[in-house]
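Taken in order, these protein sequences are the chains called A and B.
The opening position of the first sequence corresponds to residue 2 in this note's numbering, with each subsequent residue numbered one higher.
The opening position of the second sequence corresponds to residue 46 in this note's numbering, with each subsequent residue numbered one higher.
Since the structure comes first, as structure tokens, the remarks are kept for the end.
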Amino acid sequence: MELMLQQLINAVSLGSIYALVALGVAIVFSILRLANFAHGELMTVAGYTLYATLLAGVHWLLAAVAAIAASVIAALLLERVAYRRLRSANPLTLLITSFAVSVALQSLFLLFFGARPKGIELPAFVDAGFRIGQLRVQWLDVFIIVITGLIVLSLHLFLKKTVIGLALRSAADDFRTTRLMGIKANAVVVGAFMLSGALAGIAALFYFATVPNVVPSSGFEPMLKGFIACVIGGLGSLPAAVVGGFLLAFLEVGSDAILSNSLSPYLDAIVFGIAIILLRWRPGGLFGVRMTEDLRV
Amino acid sequence: MSSLGNQKDSSASPANPAAEVILRATGLAVAYGAVEAVRNLDLEVAAGEIVVLLGANGAGKSSMLNAIVGLSPRVGGSITFEGHDITRKSTEMIVRSGISLVPEGRRLFSNMTVRENLRLGGAALGLAEFEREFERLHDLFPILRKRADSQAGLLSGGEQQQVAIARALVGRPRLLLLDEPSLGLAPIIVNRVFEIIEELRRRKVTILLVEQNAERALKIADRGYVMSNGVVEAAGRAADLQTSAIENAYLGTAGA
Ligand SMILES: Nc1ncnc2c1ncn2[C@@H]1O[C@H](COP(=O)(O)OP(=O)(O)OP(=O)(O)O)[C@@H](O)[C@H]1O
Ligand SMILES: [Mg+2]
Numbered sequence: 002m003e004l005m006l007q008q009l010i011n012a013v014s015l016g017s018i019y020a021l022v023a024l025g026v027a028i029v030f031s032i033l034r035l036a037n038f039a040h041g042e043l044m045t046v047a048g049y050t051l052y053a054t055l056l057a058g059v060h061w062l063l064a065a066v067a068a069i070a071a072s073v074i075a076a077l078l079l080e081r082v083a084y085r086r087l088r089s090a091n092p093l094t095l096l097i098t099s100f101a102v103s104v105a106l107q108s109l110f111l112l113f114f115g116a117r118p119k120g121i122e123l124p125a126f127v128d129a130g131f132r133i134g135q136l137r138v139q140w141l142d143v144f145i146i147v148i149t150g151l152i153v154l155s156l157h158l159f160l161k162k163t164v165i166g167l168a169l170r171s172a173a174d175d176f177r178t179t180r181l182m183g184i185k186a187n188a189v190v191v192g193a194f195m196l197s198g199a200l201a202g203i204a205a206l207f208y209f210a211t212v213p214n215v216v217p218s219s220g221f222e223p224m225l226k227g228f229i230a231c232v233i234g235g236l237g238s239l240p241a242a243v244v245g246g247f248l249l250a251f252l253e254v255g256s257d258a259i260l261s262n263s264l265s266p267y268l269d270a271i272v273f274g275i276a277i278i279l280l281r282w283r284p285g286g287l288f289g290v291r292m293t294e295d296l297r298v
Numbered sequence: 046m047s048s049l050g051n052q053k054d055s056s057a058s059p060a061n062p063a064a065e066v067i068l069r070a071t072g073l074a075v076a077y078g079a080v081e082a083v084r085n086l087d088l089e090v091a092a093g094e095i096v097v098l099l100g101a102n103g104a105g106k107s108s109m110l111n112a113i114v115g116l117s118p119r120v121g122g123s124i125t126f127e128g129h130d131i132t133r134k135s136t137e138m139i140v141r142s143g144i145s146l147v148p149e150g151r152r153l154f155s156n157m158t159v160r161e162n163l164r165l166g167g168a169a170l171g172l173a174e175f176e177r178e179f180e181r182l183h184d185l186f187p188i189l190r191k192r193a194d195s196q197a198g199l200l201s202g203g204e205q206q207q208v209a210i211a212r213a214l215v216g217r218p219r220l221l222l223l224d225e226p227s228l229g230l231a232p233i234i235v236n237r238v239f240e241i242i243e244e245l246r247r248r249k250v251t252i253l254l255v256e257q258n259a260e261r262a263l264k265i266a267d268r269g270y271v272m273s274n275g276v277v278e279a280a281g282r283a284a285d286l287q288t289s290a291i292e293n294a295y296l297g298t299a300g301a
């Protein structure tokens, strides 16, 4: 029973991280039909910022803010420098560009920080926890789950209640008509990248609190998981991204619990296999949405 | 065609010479790659007028309306609105300067509510101002009150068209472009749409209307242009544009 609960907490906590990554990926995808593989590098930027600031003795709260700010700025730079000219390019060009940007950023990290892992000096409370009977709960998991809940809720309200939020939704549905409302295309795209960057930054905080060292390729794995979560849920839909994130985490934690130790190195392969079977059954994802083709901005 | 050729010069200008021309397109050309949709088109709309743009399928009417708001690829000519050159402005800047388009096929944001659709139409307004404008539209569009929180995609075609027109009006444009507002609607609903246009006319909204229903459109319009294969075949006061001329444009050259 305790073990089950323990696994449940693990799954929800991991699912929270995946959901945040998936949301960041989905926001940009829904509006530009751009699969931004460099989303992982936004997380890496936050990771290195966390490493550098904590090393310099900055208070962890400030370091966290700096890390989020760094990935927001990186996201805005990406949009301005790499993607803006290509907004009306064909999907394949976008895909290749995004892949190239991801690789280029990793090389840049390698140049600046080297290949060796940089250990992040986490504050002590990260390891602290409490017990309920046999169950040991880490405060970190509580934080991750509660804060993710608050973020998803405020994102929902933002998209429902503010004009810029409504514009983000309508642009995902029909960009041309959104511009006919007098809404600036650039404002919508920049807004989407800002949100995406902030979500990458927050996800990075949680991710590096559980895996406390950074290498140039750190962002790759969570980015991949975020994309898979999006695809499982249904690319382009934000609620689907959240559900997909939690589903993927439950699949992972569940498989890990059920499989014998000898199989655990193959965990990713098994989970991705299940995801592929799921997609054969529902190619559009569980909550697949209709995609309008005219994306020309 | 020859009898109409000379009409063009004398009547392509506003019905009421005293009224100020607010929209003027000169030598406008639109092309999609090799497809020339609009060629060398001159068009004027004066304040308070209803001008109708007629023509067969593929004549270039939508291309023309879209060109005004910068949505279709213009390859020549110029457009001024209230004396300002808007030829190279972005769609959003043109809309913000006071022109609103109700696109062909309505194009509501179908998974958003009626109210959310209108909020986007009035995106430039503050919340309080928006609420006032929203209220103000209720008498013309009772549907707004009844279905404010319904998902727009679930409304009937006629209801959607009303929401689309309301969405274009909420930002208080000084020129309204309507692209085939009666398309695909049942006759009784078409009546309702024309009633709305007439009411807008009473309220001094300037309208450039694209319609397939030539007879009805000419009844409410001040002036008209008949397009065929991307050029203006005839232009003049609505009353003077004989049905025969229009039939010519629809069935003659346009059929080729
Ligand atoms: N996006 C586009 N790409 C290529 N060609 C286009 C495009 N839009 C319109 N055309 C072509 O331009 C010409 C004019 O089309 P347009 O839609 O302006 O006509 P229309 O008068 O509005 O017709 P309808 O009554 O059917 O709405 C047509 O030959 C059409 O095929
Ligand atoms: Mg048309």
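Cβ atoms here follow ideal geometry from the backbone N, Cα and C, with glycine treated the same way.
The structure presented is a predicted model; accordingly, all values stated were derived computationally and were not measured.
Query                                                                                                                                                                              : Result
List in chain order: all unbroken beta strand (DSSP E) runs of 3+ residues lying wholly within the region 184-239 of chain B.                                                      : 220-224
Does any CB atom of chain B fall closer than 7 Å to the CB of Val164 of chain A?                                                                                                   : yes
Given Ala168 of chain A, which residues of its chain have a CB within under 7 Å of its CB, disregarding the five upstream and five downstream residues?                            : Thr179, Ile184 and Val189
Hey, is Arg282 of chain B's beta-carbon within less than 7 Å of any beta-carbon in chain A?                                                                                        : no
Give me the chain B residues within the contact set of Ile184 of chain A, using Cβ-Cβ distance strictly less than 9 Å, ordered along the chain.                                    : Glu137, Val140, Leu165, Ala168 and Ala169
Return the residues of the region 174-199 of chain A that lie within a Cβ-Cβ distance of less than 8 Å from chain B, sorted by chain order.                                        : Asp174, Asp175, Arg177, Thr178, Thr179, Arg180, Leu181, Met182, Gly183, Ile184, Lys185 and Ala186
Is any non-hydrogen atom of ligand 2 found closer than 6 Å to the C-beta of Ser256 of chain B, if you look at the structure I gave you?                                            : The amino acid at residue 256 of chain B is misidentified as Ser; the sequence shows Glu. False, no ligand heavy atom lies under 6 Å from that Cβ.
Between Leu106 of chain A and Ala36 of chain A, which are expected to be in contact by the criterion C-beta below 8 Å, what is the C-beta distance as a whole number of angstroms? : So it is not a contact: roughly 15 Å between Cβ atoms.
For Ile203 of chain A and Val153 of chain A, what's the separation of their Cα atoms in angstroms?                                                                                 : 12 Å
Please list the terminal residues of the continuous beta strand (DSSP E) segment that includes Ala91 of chain B.                                                                   : Val80 to Ala91
Indicate, with yes or no, if ligand 2 has a heavy atom lying under 6 Å from the CB of Glu81 of chain B.                                                                            : no
Which residues does DSSP pair with Val75 of chain B in a beta bridge?                                                                                                              : B:Val83 and B:Arg119
From what residue to what residue does the alpha helix (DSSP H) around Ser108 of chain A run?                                                                                      : Pro92 to Phe114
Please identify, using Cβ separations under 7 Å, the residues of the region 73-88 of chain B that lie next to chain A, in order along the chain.                                   : none
Any idea which residues DSSP pairs Gln139 of chain A with across the strands?                                                                                                      : A:Gly130
Between the Cα of Gly48 of chain A and the Cα atoms of A:Ser31, A:Ala68 and A:Leu56, which residue gives the shortest distance?                                                    : A:Ala68
In three-state DSSP terms, what is Glu3 of chain A?                                                                                                                                : helix
Confirm, please, whether the CB-CB distance from Arg237 of chain B to Asn162 of chain B is below 7 Å.                                                                              : no
With 16 as the cutoff for other CB atoms within 10 Å, does Leu63 of chain A come out buried or exposed?                                                                            : exposed
Cβ-heavy atom distance between Lys307 of chain B and ligand 2 below 6 Å?                                                                                                           : Outside the displayed span of chain B (46 to 301) sits residue 307 of chain B, for which this structure offers no information.
Going by the DSSP bridge assignment, what does Phe221 of chain A pair with across the sheet?                                                                                       : None; Phe221 of chain A has no bridge partner.
Using a Cβ distance threshold of 8 Å, determine whether the region 216-231 of chain B contacts the region 141-149 of chain B, with at least three qualifying pairs required.       : yes
Where does Gln135 of chain A land, buried or exposed, given buried means 16+ other C-beta within 10 angstroms?                                                                     : exposed
Can you find a C-beta in chain B that's less than 7 Å from the C-beta of Ser219 of chain A?                                                                                        : no
For Leu73 of chain B, tell me which candidate among B:Val66, B:Val114 and B:Glu178 has the shortest Cα-Cα distance.                                                                : B:Val114
From which residue to which residue does the alpha helix (DSSP H) around Ser89 of chain A run?                                                                                     : Segment: none, Ser89 of chain A is in no alpha helix (DSSP H) and carries neither H nor E.
Residues of chain A with CB under 8 Å from Met157 of chain B, in chain order?                                                                                                      : Leu167, Arg170, Ser171 and Asp174
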